[in-house]
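In UniProt numbering, the protein residues as written are 1 to 313.
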């Protein structure tokens, strides 16, 4: 939809909401910017299309026929247009607040903040400051926003993907069915066009940007699909142990999480850290800067180096 048409439809809605009495088509023509003031036929066609489009999206435009007037009048009754009052139980409000925190971490902070502001203005308290609920979902994977939009628009995507325990990166073309969180990690479930079968991809293993392909609505999600079951049945990689040199007196969090820490040479100690995903481990260790150096295994070491080079660039 063009910007000009969007503005015209919005102005039409505002006009029909604000009026206290039904307005004739000619009155609307004079009051709403965007309608042709000279060509009657063009105006009638455009006005009819606008009314139909607004009704299709649920805006109730009422038609009033006054026996003393030749032309019908139009208006939007505010009570029919506005949403009913929203009432939430305390546990429901807590869940909404928790969901808003998830979206804020998924680069959707503006929309989430606006939703919470509207709920607060309506008297709904969604503050989790004293809630027993704890946020355990992290949506900071760079690929999340693009994949979420692709799922919403039913649009195919392409991305480079690093398989578990492998240094090889392959290009994958996928029809995304949904994004699902499991055990604090996000997964994409969809149809892999290259392999002709359903597949699940961990977002932390996607490297580089996600590209969209074709037009929206290009595929249909299978009816009755259970995304959580798809993700849950995937085998998780076995945990491995990374040997990390840690500068003395630093990285207390890493030392606490390590399964073993021993004194090393010079200013370094050695820590043994368990991990399943090299990329996830790399994101953590790269944030420690020069105070942590991965010695082994090679794929974990290379993953940290890639992160640091990317930050430098």
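Where a beta carbon is used, it is the ideal one built from N, C-alpha and C, also for glycine.
Here residue 246 is bridged, per DSSP, to 269, 292. Linking residue 198 to residue 205 through their CA atoms gives a straight-line distance of about 18 Å.
Scanning 82, 70, 47, 45 for the CA closest to the CA of residue 60 turns up 82.
In the pairwise beta carbon analysis, the region 293 to 310 is classified as not touching the region 220 to 229: fewer than three pairs are separated by under 8 Å.
Shown here for residue 156: same chain residues with a beta carbon closer than 8 Å to its own, the five before and five after excluded, namely 150, 173, 174, 175, 176, 193, 212, 213, 214, 218, 219 in chain order. Rounded to the nearest angstrom, the gap between the Cα atoms of residue 257 and residue 273 is 7 Å.
DSSP, read as helix, strand or coil, puts residue 13 in helix. Of the other Cβ atoms in all chains shown, fewer than 16 fall within 10 Å of the Cβ of residue 49; this residue is therefore exposed.
Distance from the CA of residue 232 to the CA of residue 290, rounded to the nearest whole angstrom, comes to 37 Å. Of all C-beta pairs linking the region 301 to 309 to the region 252 to 271, fewer than three are shorter than 8 Å, placing the two stretches out of contact. The closest CA to that of residue 13, considering only 3, 70, 77, 45, is found on 77. Under the DSSP assignment, residue 147 falls outside any beta strand (DSSP E), being part of the alpha helix (DSSP H) whose first and last residues are 144 to 153. The alpha carbon of residue 270 has as its nearest neighbour, out of 281, 250, 283, the alpha carbon of 250.
Around the beta-carbon of residue 28, 16 or more other beta-carbon atoms lie within 10 Å, marking it buried. Selection 21, 41, 15, 243 evaluated against residue 30 yields 15 as nearest (Cα-Cα). With a threshold of 16 other beta carbon atoms within 10 Å, residue 279 meets it and is buried. With fewer than 16 other Cβ atoms from the protein chains shown falling within 10 Å of its own Cβ, residue 63 counts as exposed.
Put simply, the region 2 to 12 touches the region 37 to 54. At least three CB pairs are less than 8 Å apart. Residue burial is scored here from C-beta neighbours: residue 23 has at least 16 other C-beta atoms within 10 angstroms and is therefore classed as buried. Annotation for residue 311: no beta strand (DSSP E) segment contains it, though the alpha helix (DSSP H) segment containing it runs 298 to 312. For residue 292 against residue 244, the beta-carbon gap comes to about 6 Å, under 8 Å, which counts as contact. Counting along the chain, residue 282 sits inside the alpha helix (DSSP H) bounded by residues 278 to 286. Distances from the CA of residue 161 to each of 281, 268, 74, 209 were compared; the closest alpha carbon is that of 209.
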